[in-house]
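Asks: Those protein sequence lines, which keep their order, are chains A and B.
full-length UniProt numbering puts the first sequence at residues 1 to 228.
full-length UniProt numbering puts the second sequence at residues 1 to 228.
C-beta: ideal position from N, C-alpha, C; glycine also.
Computed from a predicted structure; not experimentally measured.
I am attaching a structure below and will ask some questions about it afterwards.
2 protein chains.
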Amino acid sequence: MDAIEIKQWTSDSVAADLERAIHEHRLPPATKLGEDELGDAYGISRTTVRAALHALSHRRLVELKRNRGAFVAQPSVREAREVFEARSLLEPRTARSAAERMTDIELARLRENIEDEHAALDASEDGRALFLSGQFHLEIARIADQSTIEAFISELISRSSLIIALYWRRRAALCETQAHHALLDAFERRDGDAAEQLMKSHLLDLVASLDLRNVAQPATSLREALQR
Amino acid sequence: MDAIEIKQWTSDSVAADLERAIHEHRLPPATKLGEDELGDAYGISRTTVRAALHALSHRRLVELKRNRGAFVAQPSVREAREVFEARSLLEPRTARSAAERMTDIELARLRENIEDEHAALDASEDGRALFLSGQFHLEIARIADQSTIEAFISELISRSSLIIALYWRRRAALCETQAHHALLDAFERRDGDAAEQLMKSHLLDLVASLDLRNVAQPATSLREALQR
DNA sequence: GTCGCCAGTTTTGTGTACAATCTTGCGCAC
DNA sequence: GTGCGCAAGATTGTACACAAAACTGGCGAC
Numbered sequence: 001m002d003a004i005e006i007k008q009w010t011s012d013s014v015a016a017d018l019e020r021a022i023h024e025h026r027l028p029p030a031t032k033l034g035e036d037e038l039g040d041a042y043g044i045s046r047t048t049v050r051a052a053l054h055a056l057s058h059r060r061l062v063e064l065k066r067n068r069g070a071f072v073a074q075p076s077v078r079e080a081r082e083v084f085e086a087r088s089l090l091e092p093r094t095a096r097s098a099a100e101r102m103t104d105i106e107l108a109r110l111r112e113n114i115e116d117e118h119a120a121l122d123a124s125e126d127g128r129a130l131f132l133s134g135q136f137h138l139e140i141a142r143i144a145d146q147s148t149i150e151a152f153i154s155e156l157i158s159r160s161s162l163i164i165a166l167y168w169r170r171r172a173a174l175c176e177t178q179a180h181h182a183l184l185d186a187f188e189r190r191d192g193d194a195a196e197q198l199m200k201s202h203l204l205d206l207v208a209s210l211d212l213r214n215v216a217q218p219a220t221s222l223r224e225a226l227q228r
Numbered sequence: 001m002d003a004i005e006i007k008q009w010t011s012d013s014v015a016a017d018l019e020r021a022i023h024e025h026r027l028p029p030a031t032k033l034g035e036d037e038l039g040d041a042y043g044i045s046r047t048t049v050r051a052a053l054h055a056l057s058h059r060r061l062v063e064l065k066r067n068r069g070a071f072v073a074q075p076s077v078r079e080a081r082e083v084f085e086a087r088s089l090l091e092p093r094t095a096r097s098a099a100e101r102m103t104d105i106e107l108a109r110l111r112e113n114i115e116d117e118h119a120a121l122d123a124s125e126d127g128r129a130l131f132l133s134g135q136f137h138l139e140i141a142r143i144a145d146q147s148t149i150e151a152f153i154s155e156l157i158s159r160s161s162l163i164i165a166l167y168w169r170r171r172a173a174l175c176e177t178q179a180h181h182a183l184l185d186a187f188e189r190r191d192g193d194a195a196e197q198l199m200k201s202h203l204l205d206l207v208a209s210l211d212l213r214n215v216a217q218p219a220t221s222l223r224e225a226l227q228r
């Protein structure tokens with residue numbers, strides 16, 4: 001079947017694999033992540049799975065319930081607002097720094113990223129497109145050369161993916177890549193002011209495209225909905 | 001001796017205990033944290049110790065070296081700059097929010113915090129004073145009611161403590177509480193603009209009071225210094 | 001008929017044992 | 001005398017086994 005048996009999984013690589021699966025919406029919010037189940041799937045012991053699950057819980061991608069198990073997180077409306085509030089504090093300034101110190105090679109990588117995203121969208125690979133969209137933002141933080149801020153943004157992007165899974169209202173599928181194109185233009189001009197401003201409004205647009213009225217609760221799995 | 005035997009330590013509480021010890025400089029940078037050693041100290045197995053150590057490594061307070069062990073982290077000069085860069089992006093705006101929504105009760109708690117810090121300084125309990133100083137910043141984030149940003153700031157504050165341990169140059173011992181007093185005044189007036197501005201310059205002052213010339217490397221333990 | 005209690009089953013939490021890896025010290029060759 | 005290599009010791013990484021807790025189902029009493 002798969003080449004799973006070939007690779008030697010470590011707790012880190014398992015965590016990365018799960019994070020990507022969550023990011024691509026292959027593991028939707030509230031999915032139960034049983035330790036035995038995962039151990040069998042990856043061919044590793046529960047000990048290693050536990051380490052990976054704990055790592056993801058520190059990034060708020062997985063919720064650990066004592067004696068209940070691990071579940072893909074379901075960010076609340078409040079948490080959703082907070083995540084984008086944090087992003088709006090970090091990313092615009094980071095985009096400015098990136099614009100001011102970007103090399104042609106880095107610019108080319110960003111351009112490539114956008115093209116891949118387009119290709120994924122054309123192939124209706126929504127999950128992959130969403131992941132690449134996140135990679136675009138992450139790449140900008142990487143170019144800004146601030147690894148600490150980059151780590152925060154990385155976490156926020158992954159969490160944003162969960163938020164999108166829960167609260168996205170189909171509307172603007174294109175505006176996403178549109179905004180990224182605009183940012184790329186600013187980067188090409190090494191225009192820090194424009195990049196900061198564009199990132200700011202891009203994030204605002206993202207929040208606007210979500211349905212964050214507390215009326216519609218996460219619509220989670222059965223009992224979870226009633227425990228609230 | 002101690003009441004350690006009474007308490008039932010969990011991985012979380014052990015992590016919190018270690019974090020506080022690090023924050024108060026009872027565990028200086030580069031201290032080796034052996035698993036057996038810690039297990040004996042807390043009366044728990046290595047399994048639980050490992051979970052705590054991993055948690056702290058996610059917050060960049062301890063560095064895990066494969067097959068080598070866990071050590072209290074030694075932030076590089078570069079990392080030090082990054083941490084304060086991140087703080088300067090997050091904390092000023094957070095202070096503004098806090099100022100605008102602060103209640104009298106919260107104000108009183110902050111005042112109390114400053115008094116405790118004064119008392120600790122008078123008693124020459126430097127570690128405790130440093131911890132309380134961090135708590136002041138953390139309390140502000142809590143008042144701003146943004147738990148996501150609060151979590152980031154909490155991590156940055158703890159890491160700042162390590163940075164101070166490594167790079168502090170004795171100079172302004174008082175300016176710290178001075179700045180906190182000024183912030184408190186702004187909070188009393190619910191003056192968001194002033195709070196944001198004061199926090200911004202407070203953080204700049206902090207960086208200025210560090211010796212971040214790359215000349216003087218961490219001055220770590222023997223071999224560590226040479227591996228760089 | 002409904003509510004409450006109790007036991008069975010499943011899943012996580014913790015402790016222990018073994019394997020892999022790295023460090024350290026000695027010995028041998030050049 | 002110096003440098004390399006190998007073996008012994010120590011420490012972490014992983015797997016396994018047991019204990020604790022929570023959910024599920026059924027039985028019995030009111």
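I'd like to know whether the C-beta of Glu100 (chain B) is nearer than 8 Å to at least one C-beta of chain A.
Replies: With 8 Å as the cut-off, Glu100 (chain B) does not count as an interface residue toward chain A.
Asks: Mind checking Thr148 (chain A): buried by the 16 CB within 10 Å criterion, or exposed?
Replies: When all chains shown are included, Thr148 (chain A) counts as buried.
Asks: Measure from the C-beta of Ala51 (chain B) to each C-beta in chain A and report whether the shortest distance is under 8 Å.
Replies: Yes, because at least one Cβ of chain A sits closer than 8 Å to the Cβ of Ala51 (chain B).
Asks: Just the chain B side, please: which residues come within less than 8 Å of Ala55 (chain A) by C-beta, in chain order?
Replies: The contacting residues are His54 and His58.
Asks: Is there a Cβ from chain B that is less than 8 Å from the Cβ of Ala95 (chain A)?
Replies: No, no contact with chain B.
Asks: Quick one, which residues of the stretch 125–159 of chain B are near chain A if we go by CB-CB under 7 Å, in chain order?
Replies: The stretch 125–159 of chain B vs chain A, Cβ under 7 Å: Gln146, Ser147, Thr148, Ile149 and Phe152.
Asks: Specify, as a first and last residue, the run of the beta strand (DSSP E) that Ala70 (chain B) falls within.
Replies: It spans Gly69 to Val72 - the beta strand (DSSP E) in which Ala70 (chain B) sits, taken as one unbroken run.
Asks: Residue range of the alpha helix (DSSP H) that Leu156 (chain B) falls in?
Replies: It spans Ser147 to Tyr167 - the alpha helix (DSSP H) in which Leu156 (chain B) sits, taken as one unbroken run.
Asks: Compute the distance between the beta-carbons of Glu91 (chain B) and Met199 (chain B), then report whether it is under 8 Å.
Replies: Closer than 8 Å, so yes.
Asks: Report the three-state DSSP secondary structure of Glu100 (chain B) (helix, strand or coil).
Replies: It is helical.
Asks: Are three or more beta carbon pairs between the stretch 91–107 of chain B and the stretch 181–192 of chain B nearer than 8 Å?
Replies: Yes, the stretch 91–107 of chain B touches the stretch 181–192 of chain B.
Asks: According to a CB-to-CB cut-off of less than 8 Å, which residues of the stretch 66–79 of chain B neighbour chain A?
Replies: Hits within the stretch, in order: Glu79.
Asks: On the DSSP letters alone, give me the boundaries of the beta strand (DSSP E) that Glu63 (chain A) sits inside.
Replies: From DSSP, the beta strand (DSSP E) with Glu63 (chain A) extends over Val62 to Lys65.
Asks: Which class does Leu212 (chain A) belong to by DSSP, given the choice of helix, strand or coil?
Replies: Three-state DSSP puts Leu212 (chain A) in coil, outside helix and strand.
Asks: Look at the alpha carbon of Phe84 (chain A) and the alpha carbon of Ala108 (chain A), and state the distance between them as a whole number of angstroms.
Replies: Going from the Cα of Phe84 (chain A) to the Cα of Ala108 (chain A) covers about 28 Å.
Asks: In whole angstroms, what separates the C-alpha of Val14 (chain A) from that of Gln178 (chain B)?
Replies: Rounded to whole angstroms, Val14 (chain A) to Gln178 (chain B) spans 48 Å at the Cα level.
Asks: What number of angstroms, rounded off, separates the C-alpha of Arg20 (chain B) from the C-alpha of Ala194 (chain A)?
Replies: Rounded to whole angstroms, Arg20 (chain B) to Ala194 (chain A) spans 42 Å at the Cα level.
Asks: When DSSP labels each residue in this structure, what does Leu33 (chain B) get in the three-state scheme?
Replies: In this structure, Leu33 (chain B) counts as strand in the three-state DSSP scheme.
Asks: Which of the three DSSP states, helix, strand or coil, is assigned to Ala195 (chain B)?
Replies: Looking at Ala195 (chain B) - three-state DSSP - the assignment turns out to be helix.
Asks: Just mark Gln8 (chain A) as buried or exposed, buried being the case when its beta carbon has 16 or more other beta carbons within 10 Å.
Replies: By the neighbour-count rule (16 or more Cβ atoms within 10 Å), Gln8 (chain A) is not buried but exposed.
Asks: How about Val83 (chain A): is its C-beta nearer than 8 Å to some C-beta of chain B?
Replies: It does: the Cβ of Val83 (chain A) has a partner Cβ on chain B nearer than 8 Å.
Asks: Where does the unbroken alpha helix (DSSP H) through Gln135 (chain B) begin, and where does it stop?
Replies: That run of the alpha helix (DSSP H) goes Asp126 to Ile143.
Asks: Could you check whether the Cβ of Ser221 (chain A) sits closer than 8 Å to any Cβ belonging to chain B?
Replies: Only weak support is given to the placement of Ser221 (chain A): the predicted model assigns it a pLDDT of 48, under 50, and the question is left unresolved by the model.
Asks: Any idea what DSSP makes of Lys200 (chain A), helix, strand or coil?
Replies: Here Lys200 (chain A) sits in helix by DSSP.
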